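Worksheet: the structure to be examined is printed underneath.
Numbering (my numbering), first residue to last: 2 to 196.
Following this line, the structure appears as structure tokens:
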């Protein structure tokens with residue numbers, strides 16, 4: 002177990018910074034594919050990137066457990082999340098309200114909710130090196146005036162086909178947040194994807 006003295010700092014002002022990050026996530030989900038800069042700077046323990054960390058500190062809590070991909074699951078990351086977010090870390094991907102995966106991580110096996118309770122699905126945070134709006138598949142759907150595009154290097158070949166299939170599950174399905182180090186873009190389950 003990591004001693005409290007060894008923990009890296011979290012949000013400078015947990016309430017105000019958490020609210021600012023929450024508004025940024027809400028804006029990203031409202032306008033799929035549009036890149037949103039994060040209003041805070043963090044230095045979480047590696048390999049957790051600052052954007053994924055900020056989203057988790059704003060949204061995860063005792064009632065919103067987190068699943069970490071094995072590539073990101075370290076004792077330091079677990080201790081940091083438990084201390085700053087108070088969230089349980091679960092062992093099965095379908096148990097997480099939130100999940101964090103690397104860019105090349107698998108996108109299957111997450112909770113998609115039920116017809117009666119679609120909100121019980123997993124929000125998957127995908128850590129990426131960068132985000133651009135000038136490439137990638139065409140996105141359409143609620144929150145997109147005409148079309149949008151977003152891309153990130155290193156995504157698994159099955160990433161976009163998996164998300165295209167995810168949209169067909171609506172109202173069930175996962176929501177995805179692409180987290181570059183200092184910005185995010187969201188792909189909610191309502192977003193239709195054509196390559």
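Where a beta carbon is used, it is the ideal one built from N, C-alpha and C, also for glycine.
This one's a predicted model, so the numbers in the text were calculated from it and none came from an experiment.
### Query
Around the C-beta of residue 181, are 16 or more other C-beta atoms found within 10 angstroms, so that it is buried, or is it exposed?
Position 180 of the chain shown holds residue 181. So residue 181 counts as buried.
### Query
When the Cα of residue 34 is compared with those of 183, 169, 162, 153, which residue comes out closest?
Stepping through the chain shown from its first residue, residue 34 is reached at position 33. Comparing Cα-Cα distances from residue 34 to each of 183, 169, 162, 153, the minimum goes to 153.
### Message
Let me check understanding here. Comparing Cα to Cα, which of 72, 195, 118 lies closest to residue 137?
### Response
Start at 1 with the first residue of the chain shown, and residue 137 comes out as number 136. Comparing Cα-Cα distances from residue 137 to each of 72, 195, 118, the minimum goes to 195.
### Message
Helix, strand or coil for residue 8? Go by DSSP, reduced to three states.
### Response
In the chain shown, counting from the first residue as 1, residue 8 sits at position 7. It is coil, neither helix nor strand.
### Query
Touch check for the stretch 137-151 and the stretch 88-101: three-plus C-beta pairs under 8 Å?
no
### Task
Could you tell me the distance, in whole angstroms, from the CA atom of residue 105 to the CA atom of residue 55?
In the chain shown, the residue the question calls residue 105 occupies position 104. In the chain shown, the residue the question calls residue 55 occupies position 54. So the two alpha carbons sit approximately 21 Å from each other.
### Query
Is it a yes or a no for the stretch 69-89 touching the stretch 33-50, going by three-plus beta-carbon pairs under 8 Å?
yes
### CA-to-CA distance, residue 179 to residue 66, given in whole angstroms
On the chain shown, residue 66 is found 65 positions in, with the first residue counted as 1. On the chain shown, residue 179 is found 178 positions in, with the first residue counted as 1. Between residue 66 and residue 179, the C-alpha separation is close to 19 Å.
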